[in-house]
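Numbering (the working numbering), first residue to last: 646 to 1133. Glycine is no exception: its CB is placed at the ideal position from the N, C-alpha and C atoms. Note that the structure is predicted; figures quoted are calculated from it, not measured. What follows is a single structure, written as structure tokens, with notes after it.
What follows is the structure, encoded as structure tokens:
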């Protein structure tokens, strides 16, 4: 019997003006048919987890497509329709389908649809029929909808913040699907949603409020008949109706325990909502802290969290670079800016050439002005590195490193997952040798920088992933919604 597998993953930010095209997906990965098996077997992706389980059975695995994009603006309609068509065409040709396993993100928007994951699940359900179980994995920043709940039999979210358990989540979903097929599990699901937005900046599961909630979820999973308790604090920069924080529970034939468990999780989350407000420093304050603490023996990691490429920002802000230059920072510092125009301007030059460039604030000009720099073209690269999070190659596009004094400015063509020290070390920039390391991430970088950082600082700057939600003009968000509105 056949198990269908596939993936479609992108996180949308409603406030990003940069559309996510088919080419953008291709910059990450876009695999068809057997390419899915060739490229993702052995990786720490959800599909890697699916395959780890299924290869130990006699099931026939039939791949559809697997694609993932960096977060960004709305997905173009032609890209989504291409993916949907590929899924449906391939599935419709398969024989003896017994179950479906899909890795989705859950917070994807298209130019015409606010719930493409739900739309895709509905379309697949129409092809395979009502008796075939569908199990899916979701990112915890998913925008959970009733349509997803209706057409999936099992939904499993990652358990970790930052997310480092893609593989384990794939394993869990595959195991639950197999248990359903063998009649060991009769999955029922309940979800509860509250009008609450929290910034991923405050979602580090090693401490603080999210740890308290995640630990409680794990405790509740020990309850009889409870299989999975997933907490979805949602991608908060989704300006669509009914955006909110969700608890979702998969139980074994016990709807009442599923409902009461979901209620308990959100009661806990709501009771500690005020602790989700993170502390941020102005860029000048951050630089002064480092200058005033010369004895620090590890790098200070400074996050331009309002320009997080993993939250849909283009990664083109230059606030940290500007502060380093204005405050005449003399020690070694690494900064990254997405600026394909600047890369094009210098890429044909020889290393060691002096260059004058205007960098930053070109993809989204609302938040600041380009910064003028003069320095040496230190290094050029095709911009590939191994992402520790999934063991998949990440792509920055053509990349140039400009050395301005002791500041190494990495300019790249493509927005990428800026969470991993490997993005610097692949360019010959050793993170341990820097006094300041700049990252463009709200949360995920903590998993990979925590051990090498003496301190982590979040900057208070503008951008489409700014954690102060009052800085945005909300047009479709269902109100009232905390913390924009006072709720009791």
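| query | result |
| --- | --- |
| Taking C-alpha atoms, which residue in 661, 653, 689 and 702 lies nearest to residue 727? | 653 |
| Could you check the C-alpha separation between residue 1023 and residue 1002 for me, to the nearest Å? | 14 angstroms |
| Check whether the Cβ atoms of residue 741 and residue 1122 sit closer than 8 angstroms, and answer yes or no. | no |
| Specify the secondary structure class of residue 970 as computed by DSSP and reduced to three states. | helix |
| Who does residue 978 pair with in a DSSP beta bridge? | 1052 and 1081 |
| Please state if the CB of residue 810 and the CB of residue 804 are separated by a distance shorter than 8 angstroms. | yes |
| Give a yes or no on contact between the stretch 861-868 and the stretch 1100-1109, applying the rule of three or more CB pairs nearer than 8 angstroms. | no |
| Counting C-beta neighbours from all protein chains within 10 Å, is the total for residue 1005 16 or more, i.e. buried, or is it exposed? | buried |
| So within the stretch 887-954, which uninterrupted alpha helix (DSSP H) runs reach at least 4 residues, ignoring any that extend past its ends? | 900-916 and 928-936 |
| Quick check: what's the CA-CA separation for residue 1134 versus residue 761? | The requested residue 1134 does not occur in the structure, where the chain is confined to residues 646 to 1133. |
| Of all the options 1118, 777 and 1081, which has the alpha carbon lying nearest to the alpha carbon of residue 659? | 1118 |
| Quick one: which unbroken beta strand (DSSP E) runs of 3-plus residues sit fully inside the stretch 1010-1053? Chain order, please. | 1016-1026, 1029-1032, 1037-1040 and 1044-1049 |
| How far does the beta strand (DSSP E) with residue 677 in it extend, from its first residue to its last? | 674-677 |
| Measuring straight from C-alpha to C-alpha, what distance separates residue 664 and residue 899? | 42 angstroms |
| Count the other CB atoms within 10 Å of the CB of residue 1029; is the residue buried (16 or more) or exposed (fewer)? | exposed |
| Hey, quick one: how far does the alpha helix (DSSP H) through residue 761 stretch, first residue to last? | 761-773 |
| Rounded to whole angstroms, how far is the Cβ of residue 891 from the Cβ of residue 873, which I believe are closer than 8 angstroms? | Actually they do not touch by this definition, with Cβ atoms about 13 angstroms apart. |
| Buried or exposed for residue 967, going by 16 or more other Cβ atoms inside 10 Å? | buried |
| Count the other CB atoms within 10 Å of the CB of residue 915; is the residue buried (16 or more) or exposed (fewer)? | exposed |
| Which of the three DSSP states is assigned to residue 777 in this structure? | coil |
| Quick check on the burial criterion: 16 or more other C-beta atoms within 10 angstroms. Buried or exposed for residue 657? | buried |
| With DSSP as the reference, please indicate the residues paired to residue 1127 in a beta bridge. | 841 |
| Tell me the DSSP secondary structure of residue 1002 in three-state form. | strand |
| Can you tell me which of the three DSSP states residue 876 falls into? | strand |
| So is residue 930 buried or exposed if we call it buried at 16+ other beta carbons inside 10 Å? | exposed |
| So what does residue 835 bridge to, in DSSP terms? | 894 |
| At a threshold of 7 angstroms, does residue 1061 count as lining the ligand MG (C-beta to nearest heavy atom)? | The ligand MG is absent from the structure shown, which contains no ligand whatsoever. |
| Would the stretch 758-774 count as touching the stretch 666-680 if we require 3 or more Cβ pairs under 8 angstroms? | no |
| Does the distance from the CB of residue 1135 to the CB of residue 801 come in under 8 angstroms? | There is simply no residue 1135 to check, as the chain begins at 646 and stops at 1133 in what is shown. |
| Considering Cα atoms alone, identify which of 927, 877, 1020 and 974 is closest to residue 936. | 974 |
| By DSSP, does residue 711 sit in helix, in strand, or in coil? | strand |
| Looking only at C-alpha atoms, which of 1018, 832 and 1078 sits nearest to residue 979? | 1078 |
| Could you give the C-beta distance for residue 818 and residue 781, rounded to a whole number, given that I count them as a contact under 8 angstroms? | 7 angstroms |
| Buried or exposed, going by whether 16 or more other CB atoms sit within 10 Å of the CB of residue 917? | exposed |
| Report the CB separation of residue 1092 from residue 807 in whole angstroms; it is logged as a contact under 8 angstroms. | 4 angstroms |
| In this structure, does DSSP put residue 957 in helix, strand or coil? | coil |
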